[in-house]
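Residue numbering for the sequence shown follows the numbering used here, beginning at 39 and increasing consecutively. C-beta: ideal position from N, C-alpha, C; glycine also. Note that the structure is a prediction, hence the values are computed from the model and not measured.
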Amino acid sequence: MITHDTVRVELGERSYDVLVGEGLLAQAGSHISPILKQNRVFVVTDDNVAPLHLEILERSLEDNGISCEAFVLPAGDQTKSFEHLQKLINALLSHKIERNSTIIALGGGVVGDLAGFAASITLRGVDYIQIPTTLLAQVDSSVGGKTAINTEHGKNLVGMFHQPRLVLADIGTLDSLPQREFLAGYAEVVKYGLINDPDFFGWLEGHGAAMRDGNRDGRRKAVVTSCQAKADIVAADEREAGQRALLNLGHTFGHALEAETGYSDMLLHGEGVAIGSIMAFDLSVRVGLCPSEDAARVHRHFAAVGLGTGLDHLQGVSWRAEILVDHMGRDKKVRDGRMTFVLVKGIGEAFLSQDVAPDDLIQTLKDSGAS
Ligand code: GLY
């Protein structure tokens, strides 16, 4: 019986499948076995995920004759650092990883980005497989081959494009996700509707709350639709020469908010993306590109599922518009000193613009609660 959907990321000889369904973790060994060059894998995970999911993965690998060593890292964004990258690579080398070995990233975006980056540079590149266990990782970071660590100059500034050989998104793992993290990932789901799929946004308006509350059919459809949308964009523009940058809707604003809150738990990445997406709509309305009713719909939907929609959502931070604009100027998407924004002509009609006037930016931030 087929218990999963398959999304293909078409990248020539580097193409791979994203499997989405229930029970994939327990069946992981049989999905992984055919693509291994050697029956030996190195699982990278963290100390939140290991107690929940590591044993079931290890058992499935063993049942399929695959030997496995696990490396458990501290959970949290601080782990995406030079220090932990070095520790991980040294641990892999001291366990005699070989060119034909495969790394498995079991966890959320931090584990996926760090393990993927380690895979891209260890022995000049080994294969890796993503087993994302958060909604954000299932719908965004595990698909498309972006790997990275953070530096003192900002997030994701050192990394590689290195595509995984397979992605296994087990919807069941989302059951153990705290609601706050689920919602942060949900903002990235909504993003696909906002970029180019108004029907999907309409579907989410009807099903978002049930998904949040645990509806598995809804979760599966949302993850499959998101992965298909991402696969299409990555296939068309793997290295972000153009279209892939649309995936940054809400991110230029969102990253500035994350920088201002010190990349702390005060604001999760997806929460920043939610507020940032609202700001992108509000800015688009301000400059006469987008009907105000579309922006109001996005506000209403985020509020209905329980996501923050403005800076007033975060008490105790004194937001200053000029400082936020300064953070935006440090974003790695700045080209020739000009910031790139994803603006919208409406829900499902996103496009890239480098022509945002500073005054419009400042006023948008002020309308959201900055001084
Ligand atoms: N998360 C944006 C991208 O993968 O391009």
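| Check | Outcome |
| --- | --- |
| Continuous beta strand (DSSP E) assignments of at least 3 residues falling wholly in the region 150 to 209 | 165 to 170, 184 to 189, 192 to 199 and 204 to 208 |
| Beta-ladder partner(s) of CYS106, from DSSP | VAL79 |
| When ASP178, MET304 and ILE159 are compared against ILE271, the one with the closest alpha-carbon | ASP178 |
| Beta-carbon proximity of ALA294 to MET377, cut-off 8 Å | no |
| Whole runs of the alpha helix (DSSP H) within the region 237 to 308, excluding any shorter than 4 residues | 254 to 274 and 289 to 298 |
| Buried versus exposed, by CB contacts within 10 Å (16 or more), SER330 | exposed |
| Limits of the beta strand (DSSP E) - the one that VAL47 falls within | 42 to 47 |
| Span separating the alpha-carbon of ALA222 from that of LEU381 | 21 Å |
| Buried or exposed (CB count within 10 angstroms, at least 16 for buried), PHE291 | buried |
| Meets three-Cβ-pair contact criterion under 8 Å: the region 283 to 290 and the region 222 to 239 | yes |
| Selected residue, minimal CA-CA separation from ALA395, among ILE70, VAL363, ARG368 and ASP55 | VAL363 |
| Beta carbon of ILE400 nearer than 8 Å to that of ALA333 | no |
| ILE141, enclosing alpha helix (DSSP H) - first and last residue | Per DSSP, ILE141 belongs to no alpha helix (DSSP H); it is in the beta strand (DSSP E), 140 to 145. |
| At least 3 beta-carbon pairs within less than 8 Å: the region 103 to 110 vs the region 46 to 53 | no |
| Length of the line joining the Cα atoms of GLN353 and LYS404 | 16 Å |
| Residue burial classification, SER68 (beta-carbon count within 10 angstroms, cutoff 16) | exposed |
| Residue(s) in a DSSP beta bridge with SER391 | PHE379 |
| Environment of LEU195 [buried if 16+ CB atoms lie within 10 Å] | exposed |
| Residue of GLU226, ALA64, MET317 and VAL149 minimising C-alpha distance to ASP85 | VAL149 |
| Limits of the alpha helix (DSSP H) - the one that VAL343 falls within | 330 to 343 |
| Spatial distance of ARG97 from ALA64 (CA atoms) | 8 Å |
| ASP213 Cβ short of 7 Å to ligand 1 heavy atom set | no |
| Neighbourhood of LEU74 by C-beta, 6 Å cutoff - its chain only, sequence neighbours within 5 removed | THR140 |
| Distance cut-off 7 Å: ARG368 Cβ against heavy atoms of ligand 1 | no |
| Where LEU130 falls: helix, strand or coil (DSSP) | helix |
| Coarse secondary structure for GLY367, derived from DSSP in three states | helix |
| Given LEU390 as reference, the closest of HIS133, HIS289, ASP237 and ALA88 once Cα atoms are compared | HIS289 |
| Range covered by the beta strand (DSSP E) that runs through VAL56 | 54 to 59 |
| Length of the line joining the Cα atoms of LYS125 and LEU131 | 10 Å |
| Check: SER264 C-beta below 7 Å from any heavy atom of ligand 1 | no |
| ASP84 in three-state terms, based on DSSP | strand |
| Closer than 7 Å: ASP270 CB and nearest ligand 1 heavy atom | no |
| Exposure label - GLN266; buried when at least 16 CB within 10 Å | buried |
| Expected contact under 8 Å - CB spacing of HIS200 and ALA157 to nearest Å | 6 Å |
| Sub-8 Å separation of GLY197 and ILE209 beta-carbons | no |
| Nearest-angstrom Cα separation, counted from ILE159 out to GLY328 | At residue 328 the sequence reads Cys, which differs from the Gly that was named. Taking the straight line joining both Cα atoms gives about 44 Å. |
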